[in-house]
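One structure below.
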Amino acid sequence: MPNQTDLALALIRIATGGVFIVHGWQKIFAAGLTGVAAQYAAVGVPLPLLVVPVTATLELLGGLLLLLGLGARGLAGVLGALTVVVSAFRWLHGALSEPALETSVLLMAGSAAILLGGAGRPSVEQYRVKAAPPQARLKRGR
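Letter 5 of the sequence shown, counting from 1, is numbered 5 in the working numbering, and no numbers are missing.
Quick look at the structure:
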């Protein structure tokens, strides 16, 4: 039975992953990669035609894996760092205002919580770890 901390981390993970999924989806299917690349170029992000597809893919697929709780700490670190970098460019060019500012801060905080606290339970990672054979069996070749 998960404790309250595990449930809190799972809720943060699911909400944060869900928001990243929506952001990636919007970049790819709603605004379009070239439209978002133009926005990134306007705020000084280097190589926007390369950065935007990578960012959108990380947000969409990474957000899904984060939501499921698979590789949560690593993904939270990558997605959180990505949010910090893009937000910094937008902030420096005066293009980060409400509600994008609040969303960015919450994504950074959620990512930091997952990075520090883990995926919580329930998560796919939790079941993967339980299903793994004990280390002793691996050493004996079973």
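Virtual Cβ for every residue (Gly too), placed ideally from N, Cα, C.
Could you give the first and the last residue of the continuous alpha helix (DSSP H) run that contains residue i?
i	result
residue 67	63 to 68
residue 92	72 to 92
residue 28	Taken as a continuous stretch (DSSP letters only), residue 28 belongs to no alpha helix (DSSP H), as it is neither H nor E.
residue 35	33 to 42
Between residue i and residue j, what straight-line distance do the alpha-carbon atoms span, to the nearest angstrom?
i	j	result
residue 94	residue 2	43 Å
residue 73	residue 49	28 Å
residue 33	residue 79	18 Å
residue 142	residue 127	Model confidence at residue 142 stands at a pLDDT of 45, short of 50, so the residue's coordinates are unreliable; what they give is reported in the following sentence. Answer to the nearest angstrom: the Cα atoms are 21 Å apart.
Spatial neighbours of residue i within its chain, please: C-beta separation below 6 Å, excluding the five flanking residues on both sides.
i	result
residue 14	67
residue 36	27 and 52
residue 39	none
residue 23	59
What is the DSSP secondary structure of residue i, reduced to helix, strand or coil?
i	result
residue 2	coil
residue 45	coil
In or out: residue i buried (at least 16 other Cβ within 10 Å) or exposed?
i	result
residue 87	buried
residue 125	buried
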